[in-house]
Amino acid sequence: MKKRAIPRHIGIIMDGNGRWAEMRGLPRFEGHKRGVQRVKEIVEVSSNIGVEVLSLYAFSIENWMRPVDEVSVIMGLLEKSLKGEFLNFMKEGVRFKVIGNRDKLPENIKSVIETTEHVTENNKGLILQCALSYGGRDEIIRAIRKAINQDLSPEDITEDSISRLLDTAGIPDPDLIIRTSGEQRLSNFLLWQSAYSEFYFTDTLWPDFTKEELLEAIHEYQMRDRRFGKVAIQKGLNIGVGSAF
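Going by my numbering, the sequence shown opens with residue 17, and the numbers climb by one from there.
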């Protein structure tokens with residue numbers, strides 16, 4: 017695999033943990049536990065092949081409507097995983113970052129997140145961006161509120177100024193977004209940032225998503241011609257986008 021063609025930023029909508037468990041007659045939390053194991057493998061592979069940013073959709077803002085016991089299991093797994101992976105983050109140079117609305121997060125989860133972010137903030141390897149209590153629309157609304165609080169004038173409202181107010185400020189937009197479980201929608205994930213992302217959908221449930229399928233998704237990405245609204249002859253030129261033809 018040619019390193020020059022590796023996407024800088026990969027986003028993954030990790031879907032199918034519950035279905036994976038139910039198909040095997042297991043409680044849903046077993047699917048979430050298996051999903052955590054898969055995260056570890058995919059983070060390691062992504063780091064090794066030169067991906068700069070890996071964004072994982074771990075828990076949407078809508079997921080708070082799930083049964084309380086399931087939410088509790090997910091939060092517990094998150095806390096345990098962060099504490100358990102701390103030394104690996106430092107060893108591999110992984111920088112950990114959370115995006116999302118933290119208001120609803122339990123205090124113990126906020127604490128372990130803040131500690132992990134602080135201690136890894138100077139690491140120079142893969143940026144592991146975890147979307148937790150996250151919704152793309154909510155993120156945009158919060159950015160607009162920040163703009164109002166900063167008294168920005170209408171003339172100051174640009175793509176760049178809004179981007180700087182998003183949770184992902186300073187992070188390149190995703191080149192490739194992968195969704196597991198056969199669903200073909202974004203489900204409120206990185207709505208602003210995914211304007212020109214490439215998409216890869218697979219029927220594989222997240223606990224079964226392997227290194228080989230990640231590499232297959234990247235290979236398919238490499239075969240695509242990313243034009244960003246231009247025609248092929250314009251790609252190397254500074255010509256605007258927006259035409260319908």
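Ideal Cβ placement from N, Cα and C applies to all residues, glycine included.
Note that this is a predicted model, so its numbers are computed, not measured.
Contact check for I125 and M91: beta-carbon distance about 6 Å, within the 8 Å limit, so the pair qualifies.
Counting every other CB atom within 10 Å of its CB across the protein chains shown gives S169 a total below 16, marking it as exposed.
The C-beta separation of V69 from P188 comes to about 7 Å, placing the pair in contact by the 8 Å criterion. Secondary structure note for R195: its beta strand (DSSP E) is the uninterrupted segment L192 to R195. The C-beta distance from W36 to G47 rounds to 4 Å, short enough to meet the 8 Å contact threshold.
Using a C-beta cut-off of 8 Å, the segment 197 to 206 makes no contact with the segment 161 to 180, since fewer than three inter-stretch Cβ pairs fall below that distance. Under DSSP, no beta-bridge partner is assigned to Y237.
Non-local C-beta neighbours of A21 in its own chain, meaning closer than 6 Å and more than five positions away in sequence, comprise Q238, ordered along the chain. Closest in alpha carbon position to R243, among Y212, A163, E229 and E78, is Y212.
Residue environment analysis places V84 among the exposed positions, since fewer than 16 neighbouring C-beta atoms fall within 10 angstroms of its C-beta. Look at V59 here: in three-state DSSP terms it is helix. The DSSP-derived three-state label of K113 is strand.
For S97, the secondary structure class from DSSP, reduced to helix, strand or coil, is helix.
Taking L221 as reference, the option from L148, G151, R54 and D172 with the minimal CA-CA separation is R54. In the three-state reduction of the DSSP assignment, A211 falls in the coil class. Across the set S63, N64 and S71, the C-alpha of S71 shows the shortest separation from the C-alpha of M30. In the DSSP assignment, no residue is bridged to Q200.
The beta carbon of V52 lies closer than 8 Å to those of L93 and S97 in the same chain, with the five residues before and after it left out. Residue environment analysis places S88 among the exposed positions, since fewer than 16 neighbouring C-beta atoms fall within 10 angstroms of its C-beta.
One alpha carbon belongs to K49, the other to K120, and they sit about 22 Å apart. Going by DSSP, V69 is part of the beta strand (DSSP E) stretching over V69 to S76.
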